[in-house]
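What follows is one structure encoded as structure tokens, with my remarks underneath.
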Amino acid sequence: MSEDVGVAGEADEAESGGADGTETGGADASLGADTETPLELTNVVKAYETGAETVRALKGVDFAVERGEFVSVIGPSGSGKSTMLNMLGLLDTPTSGEVLLDGVDAATYDDTQRTDARREYIGFVFQQFYLIDALTAVENVTLPTVYQRDPGAEARAEDLLRRVGLGDRLDHRPTQLSGGQKQRVAIARSLINEPAVVLADEPTGNLDQETGTTILEEFAAVCEEGVAVVTVTHDPLVNEFADRVVELVDGVIRDVR
Amino acid sequence: MSDSDPSSGSDAEGRLGLLERFPSVLMARRNLSRNRLRSGLAALGIVIGVLAIATLGIFGNVLQLSATNELGGLGNQVIVSPNEDTGAETLSPRDVAAVERIAEGRGTAVPLVTDGAVVNGPSGQTFAQLYGLDRPRALFTARAGTVPEFHRQGALVGSSVAGRLGLQPGSAVEIEGQRFRVIAVLAESDDITPIQPSNAVVLPRDAFAQDAPSQIVVQADSGEDAAYVAGTVRDRLNARERRVSVFELSSILDRINEFFGLLNGFLVALGAVSLVVAGVAIFNVMLMSTTERRGEIGVLRAVGVQKGDVLRTLIVEATLLGIVGGFGGVVLTTVAVGALYQFSPIGLDVVLHPSNGVYLVVAFAFGVFISLASGLYPAYRAANEEPVDALRD
Chain A
1 MSEDVGVAGE ADEAESGGAD GTETGGADAS LGADTETPLE LTNVVKAYET GAETVRALKG
61 VDFAVERGEF VSVIGPSGSG KSTMLNMLGL LDTPTSGEVL LDGVDAATYD DTQRTDARRE
121 YIGFVFQQFY LIDALTAVEN VTLPTVYQRD PGAEARAEDL LRRVGLGDRL DHRPTQLSGG
181 QKQRVAIARS LINEPAVVLA DEPTGNLDQE TGTTILEEFA AVCEEGVAVV TVTHDPLVNE
241 FADRVVELVD GVIRDVR
Chain B
1001 MSDSDPSSGS DAEGRLGLLE RFPSVLMARR NLSRNRLRSG LAALGIVIGV LAIATLGIFG
1061 NVLQLSATNE LGGLGNQVIV SPNEDTGAET LSPRDVAAVE RIAEGRGTAV PLVTDGAVVN
1121 GPSGQTFAQL YGLDRPRALF TARAGTVPEF HRQGALVGSS VAGRLGLQPG SAVEIEGQRF
1181 RVIAVLAESD DITPIQPSNA VVLPRDAFAQ DAPSQIVVQA DSGEDAAYVA GTVRDRLNAR
1241 ERRVSVFELS SILDRINEFF GLLNGFLVAL GAVSLVVAGV AIFNVMLMST TERRGEIGVL
1301 RAVGVQKGDV LRTLIVEATL LGIVGGFGGV VLTTVAVGAL YQFSPIGLDV VLHPSNGVYL
1361 VVAFAFGVFI SLASGLYPAY RAANEEPVDA LRD
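First to last, the protein sequences are chains A and B.
Under our numbering, the first sequence has 176 at position 176, and the numbering climbs by one with no breaks.
Under our numbering, the second sequence has 1317 at position 317, and the numbering climbs by one with no breaks.
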């Protein structure tokens, strides 16, 4: 396991070095130096006030993902999986604990900083794909960069779509694509800003087994390039592709393998 | 694939160039064009609102301008006559002198003797109003012949008298046994004035047996002068007892203008109501479309689009609706005003008066403002929703 990570990490060094050359700068500069652990939760607690009661969805979660690692988070409904993913994705702030991006605590970021960090650092893939029907595949992929001055985004998007096997669907709209193709567009979108981590919420939830397999292969390929992938899922198929499976039960992490 | 690729690539670069400069505007336009019917209907509301404000405003304004043109000279005359309650039928020489003094430098005071008589001409006889005055040029203009500055002999005849009696300059008329040579035929007056020359014969004052003037007409240089003369005459001559009655129309003209101003305000307010209704329609459309796009906006926020960018895009969407609708309204208004000019006797100078343009600009600006204001809340609400909430189904 640790060997695996080492190899992936080395491959990543070379990869990210090359990528940095063409980087536009951005939030990466404000983050700490590239570490082997791009994203980490330490003792994260998330409590919700519901009426008079306080519900603790996460009760001190410690979790870290390494570069190029594919981690699957499983757990029963209501175990706090989504909450944990929201913490990892800087979509929500913890009640206590730290969210470390390359070793820098992002838990106290304000909305603007979190938004910038999400754009530059994290890719999202959703169960429902969430593509915009009015936009072509390329336009959907460039969506995270639309408000940035990023003239290279278009070319990168086309490149990414070719990489996920949609080179002949660049100008197709989501309505003209199958479920698997839509999810590939979503994966391409998640990679447009060369993130350190891709977070996927039930990425195979709306796909049949065969298509799901191809999508998971796509994720595996993403890991090969040094990007960490964290999935939250019920789908046992995902675990077959994951380097590591952790289970979230009652707001606490348990390593499964 | 390799054939279509380069072309689509260069096309995309062109789009990206614009996208870079105004991403909010481009995204907004893209979003609006996704539901053309709905966007079109929302813009139509603004079209109608702007059309209503602009046409009602301009039509009212045109009415006011035309009326002011028609009534223009009305305000410049002051007529001083004896107070009928005292039984006097003529003005005393002292009063005449006083009025002339007051009018000095502000217009011409013309003492006037009035009478009525049968006038005999070459082709018959008719009853006419007789005016006796010494300075006709201040009050009348000639259609034929010349109106003398000082009137010492001969007759000036009104156009309808001249028509009935077949008179022209050089003809002779007989009034109560006296013969007068016609020296001018008077032009019809454009202005509304109590001294109507059409059915009158104007003679020198000394042609009348009784030459004490029954009224004084002050032709003032401006409406303000007329108001001043009227006020001063009232103050000085009627200080202790009411010796004269003063008739002037400048105050009436003010009232008329005031009325038209009110009418205009009323019309514009009516138009504004329709524009506000249009604003509610836009509010509704924006609320609907942001609610519909809740998930999509959530994704945008999740993948790193700032709140401000979402807000700006949505406000630009509403504003674009307003701009398109406002432009349509302005175009339709121009057409409507053109039709008004075509099918009514209103003059081009009135139609093209710059104040009409003000209504166009104001209506357009108001339309855009209403749209923007209607878009604010839906935009604010959508932009401030936590992406987590928007994505949780």
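Beta carbons are placed, not taken as given, at the ideal position from N, Cα and C, and that holds for glycine.
Asked: Hey, how far is the Cα of A:Val125 from the Cα of B:Phe1266?; Found: 58 Å
Asked: Mark A:Thr22 as exposed unless 16 or more other C-beta atoms lie within 10 angstroms of its C-beta, in which case mark it buried.; Found: Reliability of the predicted coordinates at A:Thr22 is poor, the pLDDT of 40 falling under 50, and no value is obtained from them.
Asked: Please list the terminal residues of the continuous beta strand (DSSP E) segment that includes B:Ala1138.; Found: Careful: B:Ala1138 lies outside any beta strand (DSSP E) and carries neither H nor E.
Asked: Does the CB of A:Arg114 have a neighbour CB from chain B at under 7 Å?; Found: no
Asked: Using the DSSP secondary-structure output, state which residues sit across from B:Pro1111 in a beta bridge.; Found: B:Ile1216
Asked: So, for A:Val198: in the same chain, excluding its five sequence neighbours on each side, which residues have a beta-carbon less than 8 Å away from its beta-carbon?; Found: Ile122, Gly123, Phe124, Val125, Ile187, Ser190, Leu191, Phe219, Val222, Val227, Ala228, Val229, Val230
Asked: Look at the alpha carbon of A:Glu247 and the alpha carbon of A:Ile74, and state the distance between them as a whole number of angstroms.; Found: 5 Å
Asked: Between the beta-carbon of B:Gly1329 and the beta-carbon of B:Val1050, is there less than 7 Å?; Found: yes
Asked: By Cβ distance, which residues of its chain are closer than 7 Å to A:Phe241, with the 5 residues on each side in sequence left out?; Found: Phe70, Leu216, Phe219, Ala220
Asked: Within 7 Å (strictly less), CB to CB, does B:Val1305 reach chain A?; Found: yes
Asked: Are at least three pairs of beta-carbons, each pair with one atom in the segment 1226–1235 of chain B and one in the segment 1149–1166 of chain B, less than 8 Å apart?; Found: no
Asked: Judging by CA-CA distance, which residue of B:Ile1346, B:Gln1129, B:Leu1026 is the nearest neighbour of B:Ile1195?; Found: B:Gln1129
Asked: Going by DSSP in three states, B:Val1119 sits in which element: helix, strand or coil?; Found: strand
Asked: Any idea which residues DSSP pairs B:Tyr1131 with across the strands?; Found: B:Thr1114, B:Val1202
Asked: Who are the neighbours of A:Asn86 on chain B, taking C-beta pairs under 7 Å?; Found: Val1388
Asked: Short of 9 Å Cβ to Cβ, which residues in the segment 1276–1302 of chain B face chain A?; Found: Arg1293, Gly1295, Glu1296, Gly1298, Val1299, Leu1300, Arg1301, Ala1302
Asked: How is B:Gln1153 classed by DSSP in three states: helix, strand or coil?; Found: coil
Asked: Given a cut-off of 7 Å, decide if A:Ser72 and A:Val249 are closer than it, judged by their beta-carbon atoms.; Found: no
Asked: At a CB distance below 7 Å, what residues from the segment 1304–1331 of chain B approach chain A? Give them in sequence order.; Found: Gly1304, Val1305, Gln1306, Lys1307, Asp1309
Asked: Using a Cβ-Cβ cut-off of less than 7 Å, give me the residues of the segment 1021–1051 of chain B that come near chain A, in sequence order.; Found: Pro1023, Met1027, Arg1030, Arg1034
Asked: Evaluate B:Ser1123 with the Cβ neighbour count: other Cβ atoms within 10 Å of its Cβ, from every protein chain shown; 16 or more gives buried, anything less gives exposed.; Found: exposed
Asked: First and last residue of the alpha helix (DSSP H) that includes A:Glu36?; Found: Looking at the DSSP string, A:Glu36 is not in any alpha helix (DSSP H), and its letter there is neither H nor E.
Asked: Could you compute how far the alpha carbon of B:Val1246 sits from the alpha carbon of B:Val1113?; Found: 16 Å
Asked: Go to B:Val1299, then tell me how far its alpha helix (DSSP H) extends in each direction, as first and last residue.; Found: 1294–1302
Asked: Mind listing the chain B neighbours of A:Val146? Cutoff is C-beta to C-beta under 9 Å, in chain order.; Found: Leu1019, Pro1023, Leu1026, Met1027, Leu1300, Val1305, Asp1309
Asked: Where A:Leu170 and A:Glu158 are concerned, what is the direct C-alpha to C-alpha distance, given to the nearest angstrom?; Found: 7 Å
Asked: Using 8 Å for Cβ pairs, my map puts A:Pro38 next to A:Asp102. What's the rounded Cβ distance?; Found: 6 Å
Asked: Can you look up B:Leu1167 in the DSSP assignment and give me helix, strand or coil?; Found: coil
Asked: Can you tell me whether A:Leu135 is buried or exposed, with buried defined as 16 or more other CB within 10 angstroms of its CB?; Found: buried
Asked: Verify the CB distance criterion: does A:Phe124 have a CB-CB separation below 7 Å to chain B?; Found: yes
Asked: Look up B:Val1351 in the DSSP assignment and say whether it is helix, strand or coil.; Found: helix
Asked: Identify the continuous alpha helix (DSSP H) that holds B:Asp1397 and give its terminal residues.; Found: Residue 1397 of chain B lies beyond the residue range present for chain B, which begins at 1001 and ends at 1393; the question has no answer from this structure.
Asked: Helix or strand or just coil, what does DSSP make of A:Ala157?; Found: helix
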